[in-house]
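Residue numbers (the numbering used here), protein chains in the order written: chain A, 16 to 515; chain B, -9 to 225.
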């Protein structure tokens, strides 16, 4: 590791004061590995006809991963950072450090980690029987994952640089519009399957198959190409980062100096607090970007894939977890430095908790609703009413879980976070990773229960299943509100998020 | 004159660290008191307790005769607080801060005129509808003083109100302090700027490691002799 990067990583590690959090992070790094191992062995039980269908779709999955590897760092303005940029402004941090730091934190993105696991698991099935040669195939998949991730990160930094000027922003929107239009035309002309079949990602899968089928020379050539491409992309990424960081931006300044239309006075105290909290979310660049991605991407992917209802049930949970990770795990950070002043307003604590909860619920519901709607548009007809009720109730139940879990985490482990820059996150990278896995596991488990309820074919079973989930969320929210109303807890949260 | 703020045996601890250690404080109606001392002396923590942001670990605090711990909302009605750090919601505008404060404090019709007057005096009227994240440090400080003084509180708590503020802003803050005292309010100012503390306040209390080490008329800390005496108290 580069000395500057290793120093920053080491400092970040030593900033984790609680041993249990350190242990949690170590264990966390093992979770995706365990998940992959479990998935690889579980897929061996899939019937042959279904295994064939999955294998055929593998290049498309690779393509989807490539798309995500580009979109995720793009939405985050280049990727997550080890430290907020303003904390390092006085130090000569090299672009190489910035780029490799953001690359290293790619796994902190829940969607990235889940897709990596999916690529590895599906590759193991697509190449054939499970033998020791499957390891070679998985090496190919890992080489592909690394190459595409480095490409996505380098591309994102390049776009960040372009978007520093008004013309650059217009140009990127225009190109994005043309791309969307092209996809729509291809789908409309019925050429979608031909286009997917022609995707170059099949070459990566073929390389994995070469490894599995003992064609060592071909495998070695293929994997070498990917390794060399990764090395070249690393170099290009550092150059792109250096160029982007050098370019003077006109965006943030223009945005903060632009007057905001004055709104009318709200009729109630709660209305005023809620209006301020909503503005804090929608005026935050990283939150707005994250919301837009959550509103569009999962729904579009579900629609494009034409997911059956049984699979659709699993989608809202992960989307709700993504919404929680936007700011829900540190909801009081929305007030940032203003928290100490807010805490002196009579009655504010009573309204503040409810307001943060409402704003988080709104965002999560919007995201899960859009994902469900997108999926439902092209899903085959449901096999039973139970599938529909299970999908809707899974969405609502997972939303309630994420809100309750997020509000509790906001009190237990608050952080100072400005949420102003494109790469800002509500918590440090390690904490983000912990919450990612925790929320993903929680919501996936609950979604699987609903999936099982849907398989029963009885429409009311999902309702029965939803009752304990809502009760658990409700009780946790009541407990969290009680904690918030305690002056010691509130004082700790307020002084932490305000940096005082 | 009756005491607007009364603290008795006030102690504030954060785990093993004691920030404020058993001190008494009393500020009468119409009076102003400067809290001075080195970093970490306990000035900001004291103000946070008086403002109701932090609870005291032990001891009692009352504002205008109202116990801050037992009746926090009633006490907060009487207090205006400018925190030392931040103090502004980054993505809200000054006007939105004032709308929220007016509603939460139950200020009736006419609050807009008061808000505009204060924004004008602090040279922030043209910035009223810009989000505060784009403000300079000095603008942020001025806005925090506006918010603290907005409802004409009985107790005004100003933590580093002059830090990075231009001379016009300093004058506007001193004016607000004068007006409030004339109206019978009490003012507590925490600052490292000794000369401005002397200008703003009658009395001064020097804190060191959470304890009061001296209390004297603020004028005695003025000039070179006052500064020397102050330094001697700090070491």
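Note that CB positions come from ideal geometry on N, CA and C, so glycine has one too.
Residue 211 of chain B has its alpha-carbon roughly 57 Å from the corresponding atom of residue 379 of chain A.
Residue 503 of chain A reaches chain B at 45, counting residues in chain order whose Cβ is nearer than 7 Å. Taking all protein chains shown into account, residue 402 of chain A has 16 or more neighbouring C-beta atoms within 10 Å of its C-beta and is therefore buried. For residue 115 of chain B, there are no C-beta contacts with chain A under 8 Å, since the nearest C-beta of that chain is about 12 Å from it. Annotated three-state conformation of residue 374 of chain A is helix, per DSSP. Assignment of beta-bridge partners to residue 15 of chain B by DSSP yields B:-3.
Residue contact check for residue 499 of chain A against chain B: no CB pair falls below 8 Å. Spatial neighbours of residue 285 of chain A in its own chain (CB-CB distance under 6 Å, excluding positions within 5 residues in sequence) are listed in chain order as 366. In terms of Cα proximity to residue 353 of chain A, the closest of B:78, B:86, B:85 is B:78.
Counting the other CB atoms within 10 Å of its CB gives residue 13 of chain B a total of 16 or more, which places it among the buried residues.
Contact of residue 358 of chain A with chain B is assigned, a C-beta pair being separated by under 8 Å. Less than 8 Å separates the beta-carbon of residue 158 of chain A from that of residue 238 of chain A.
Where residue 106 of chain B is concerned, the enclosing alpha helix (DSSP H) starts and stops at 101 to 111. According to the DSSP assignment, residue 106 of chain A belongs to no alpha helix (DSSP H), since it is labelled neither H nor E.
Annotated three-state conformation of residue 149 of chain B is strand, per DSSP. For residue 371 of chain A, the closest Cβ of chain B is not nearer than 8 Å. Residue 58 of chain B carries a coil assignment under DSSP once its states are collapsed to helix, strand and coil.
Scanning chain A for C-beta atoms nearer than 7 Å to the C-beta of residue 63 of chain B yields 361, 362, reported in chain order. Cβ proximity to chain A below 9 Å picks out 59, 62 from the segment 48 to 62 of chain B. Taking 8 Å as the cut-off, the Cβ atoms of residue 305 of chain A and residue 341 of chain A count as close.
Beta bridge pairing from DSSP links residue 4 of chain B with B:7.
Neighbourhood of residue 95 of chain B in chain A, by CB distance below 8 Å: 360, 361, in chain order. Along the segment 182 to 202 of chain B, there is no position whose C-beta sits under 7 Å from a C-beta of chain A. Per DSSP, the unbroken beta strand (DSSP E) holding residue 52 of chain B starts and ends at 48 to 53.
It is roughly 51 Å from the alpha-carbon of residue 463 of chain A to the alpha-carbon of residue 34 of chain B. For residue 345 of chain A, the nearest beta carbon of chain B is not closer than 8 Å to its own beta carbon.
For residue 201 of chain B, the enclosing beta strand (DSSP E) begins and ends at 201 to 207. When Cβ pairs closer than 8 Å are counted between the two stretches, the segment 111 to 131 of chain B is seen to touch the segment 155 to 162 of chain B, the count reaching three or more.
Secondary structure of residue 195 of chain B (DSSP, three-state): strand. For residue 220 of chain B, the uninterrupted alpha helix (DSSP H) run begins and ends at 213 to 224, by DSSP.
Under the 8 Å Cβ criterion, the segment 177 to 192 of chain B counts as touching the segment 139 to 149 of chain B, having at least three qualifying pairs.
Beta-bridge partners of residue 25 of chain B (DSSP): B:180, B:195.
Contact with chain B is absent for residue 482 of chain A, since none of that chain's Cβ atoms lies less than 8 Å from the residue's Cβ. The C-beta of residue 91 of chain B comes closer than 8 Å to at least one C-beta of chain A.
Under the three-state reduction of DSSP, residue 71 of chain B is assigned to strand. Under the DSSP assignment, residue 250 of chain A falls in the alpha helix (DSSP H) whose first and last residues are 231 to 261.
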